[in-house]
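Heads up: the sequence shown begins at 4 in my numbering, then just goes up one per residue. Even glycine gets a Cβ: it sits at the ideal position worked out from N, Cα and C. Since we're looking at a predicted model, the values are computed, not measured.
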Amino acid sequence: MPTAKLTDGRTVDYLTPHIGEGGMKRVYFTTDKKSVVCFFKDKSTGQDPNRMERLKAILEKYNPTLDTKTGNELAELYCWPTGIITSPELGVMTPTYASNFFFASGRFKGKDKEGKWFSSEKLRKLLPDDERGNWLGYLQLCMKMARAIRKMHLTGLAHSDLSSKNVLVDPKGGNCAVIDIDSLVVPRRFAPDVLGTPGYIAPEVLATQRLPVGDPNRKLPEISTDLHALPVLIYEYLLRRHPLRGPKVNSVDSAEEDEFLSMGPKALFIEHPTDKSNRPREGIKVPVDTLGPTGGINDRLYLPGLFRQAFVEGLHNPPRRPTAQMWEQALYRTADLLIPCGNGSCPEKWFVYIEGQSQQCPWCNWKLNEPLPVLDFMFAPRKGQYREEGHCLVGFNQRPLNLWHVNRGIYPTEGVDRTTQAYVAKHQGQWILINKHLDTMISPSGNPVPKGQACVLKEGSEILLSNDDKGRMVSIRMVR
């Protein structure tokens with residue numbers, strides 16, 4: 004049985020033949036199948052001192068999974084290398100993908116869940132119903148994907164080949180795992196191995212790829228190019244279409260030239276607000292404006308505004324692209340606006356509350372037929388003087404409130420307590436808010452609400468969630 008030797012002195016036995024291979028590596032199971040060993044196919048890679056230095060930096064200096072407080076939580080977002088192999092060839096050892104990232108049924112049973120199966124409505128139809136997930140699951144996996152990329156970028160790393168091929172997804176559980184970590188880019192230190200995957204390569208990289216290697220005007224993958232690929236993935240997962248692939252033809256010379264222009268120097272958002280030349284002729288059933296509030300001072304805090312910033316302002320102007328943190332926060336705000344669809348046969352099960360409109364599911368056209376409570380968040384810039392924050396939480400039966408809802412100084416990031424602090428429920432025909440763990444919840448009448456007790460949610464009533472410095476009050480509206 005063959006044995007691999009690692010830089011830290013460990014040895015590990017692995018099974019032959021190989022279980023798969025990509026453009027750069029050949030992959031084998033270890034004997035316990037808890038890990039895989041991945042050998043670089045190009046023999047010259049093992050002689051490259053920069054490759055070994057890059058692998059050591061990724062495994063040690065830039066490794067977020069080593070954090071003593073949040074490492075275990077972050078490890079679930081990646082397939083981060085756990086060792087460097089020096090013999091019989093240069094390679095890396097990584098954990099085996101978690102079981103939820105393999106198809107459990109259908110024609111692809113046992114295959115890993117590459118994102119491509121879930122980012123296109125056409126491909127999704129090939130999957131069994133129990134593998135497709137619903138819109139909440141896609142929203143949750145996008146939150147985690149944005150968090151994973153945000154954490155990488157904070158350390159100075161860029162993925163360089165972020166695509167549906169390099170993000171495994173589990174829509175049923177709302178999970179994802181970023182893979183192909185061993186080729187991460189450290190700008191001005193470790194150059195990219197590839198330009199990216201077609202459909203996810205930033206326009207400026209494509210537009211300058213024909214320039215000579217070493218030309219200072221040639222653009223290579225870096226953090227700003229990840230910030231093009233990330234919203235492409237989010238757009239695909241949430242809306243099941245590519246943001247740039249429309250009917251516009253930019254070259255009749257060849258399909259290759261048309262692809263180059265359409266994804267590169269002449270790329271155009273299919274939902275561009277003024278230039279509609281790339282908009283699908285059949286129209287767009289679920290446009291970005293169905294994903295949250297638009298306009299006003301908070302426009303860039305929600306998905307519609309961020310998509311326009313990414314694919315209109317930032318498409319050919321990389322510094323204008325939203326950061327991964329902005330995407331993560333906008334996705335969480337979107338989760339606060341979700342309404343469960345009352346149509347049992349709706350494929351997506353959830354849709355987003357839109358202020359000032361009758362609430363209707365864009366996926367199946369079901370209309371909300373009973374009032375729901377909306378909790379408008381309020382904060383106090385001065386003690387006791389509350390004003391509206393410009394964000395709300397839509398209530399439904401068993402809707403939880405977490406610490407980041409109670410206190411505006413807490414964010415739903417790694418390491419944060421996710422225990423439900425209170426929750427909305429419908430009891431005997433009334434909407435109520437039940438206190439689970441809040442110490443200072445005050446009812447509209449001014450009385451404390453002990454843990455385990457509740458207060459009724461009525462139009463115009465106000466409930467104090469916390470009297471901490473950054474604690475919130477909520478004002479109640481009933482909408483339908």
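Quick one: Cα of residue i to Cα of residue j, how far?
i    : j    : result
Y414 : A107 : 34 Å
Q424 : V452 : 13 Å
C364 : H319 : 33 Å
N450 : Q431 : 22 Å
L340 : R135 : 22 Å
K288 : D472 : 44 Å
K296 : D302 : Sequence check: residue 296 is Pro here, not Lys. Distance between the alpha carbons of P296 and D302 is about 7 Å.
L334 : E207 : 26 Å
D115 : A149 : 21 Å
V255 : D261 : 7 Å
K386 : P447 : 18 Å
G177 : L241 : 12 Å
D56  : I22  : Asp is not the amino acid found at residue 56; the sequence shown has Glu there. Those two C-alpha atoms are separated by around 27 Å.
P321 : D379 : 35 Å
D11  : R153 : 29 Å
S348 : G249 : 30 Å
A338 : L139 : 8 Å
I486 : H162 : In the structure as shown, the chain starts at 4 and stops at 483, and residue 486 therefore has no counterpart that could be examined.
Q50  : V170 : 29 Å
C395 : H408 : 9 Å
S38  : L93  : 16 Å
G26  : K59  : 22 Å
Among the residues of its own chain, which have a CB less than 6 Å from the CB of residue i, if the five just before and after it don't count?
i    : result
A205 : T228 and H231
S265 : N253
P403 : T423 and Y426
K454 : N438
D16  : M4, T6 and T34
G370 : Note on identity: in this sequence residue 370 is Lys, with Gly being the wrong assignment. Closer than 6 Å at the Cβ level, and outside the excluded window around K370, lie Q363.
Y238 : P246
Y65  : T158 and L160
H440 : Q424
V459 : Q433 and I435
R29  : H21, F42 and K44
S186 : D196
K112 : F106
E351 : N137, W138 and W366
H156 : I226 and A327
Could you check what DSSP says for residue i in three-state terms: helix, strand or coil?
i    : result
A151 : helix
R127 : helix
Y426 : strand
V489 : Nothing can be reported for residue 489, as the shown portion of the chain is limited to 4 through 483.
V216 : coil
P403 : strand
N103 : helix
P307 : helix
D491 : Any property of residue 491 remains undetermined from this structure, which presents the chain solely from 4 to 483.
S90  : strand
W434 : strand
P67  : helix
T14  : strand
Y81  : strand
I184 : helix
E462 : coil
N450 : coil
E76  : helix
V409 : helix
M146 : helix
G159 : coil
Report the CB separation of residue i from residue j in whole angstroms; it is logged as a contact under 8 Å.
i    : j    : result
A457 : I437 : 4 Å
P374 : V482 : 7 Å
P84  : L62  : 6 Å
A194 : L223 : 7 Å
T200 : K251 : About 22 Å; that fails the 8 Å criterion.
A151 : V181 : 5 Å
L77  : E285 : The pair is not a contact, with the Cβ atoms about 42 Å apart (cut-off 8 Å).
G118 : L304 : No, G118 and L304 are not in contact; Cβ-Cβ is about 26 Å, not under 8 Å.
M146 : E391 : Not confirmed; about 25 Å, so no contact.
Which residues in the same chain as residue i place their Cβ atom closer than 8 Å to its Cβ, once the five residues preceding and following it in sequence are excluded?
i    : result
Q401 : Y426, V427 and A428
L562 : There is no way to answer for residue 562, as the model of the chain reaches only from 4 to 483.
T293 : F354, V355, I357 and P365
R127 : W120, F121, R135 and R243
S469 : V409, N410, L441, D442, T443, M444 and R475
Identify, in the order they occur along the chain, each residue of the same chain with its Cβ nearer than 7 Å to the Cβ of residue i, setting aside the five sequence neighbours on each side.
i    : result
G109 : L130, P131 and E134
P531 : Residue 531 is absent from the model: the chain starts at 4 and stops at 483.
> Enumerated in chain order, which unbroken segments of the beta strand (DSSP E) with a length of 3 residues or greater are wholly contained in the segment 313-399?
Replying inline: 341-343, 353-355, 375-385 and 388-397
> Hey, which unbroken runs of the beta strand (DSSP E) at 3 residues or more fall wholly within the segment 269-293?
Replying inline: none
>> Restricting to runs no shorter than 4 residues, where is the alpha helix (DSSP H) found entirely within the segment 13-62?
In response: 52-62
> What runs of the alpha helix (DSSP H), each 4 residues or longer, lie entirely inside the segment 199-262?
Replying inline: 206-210 and 226-242
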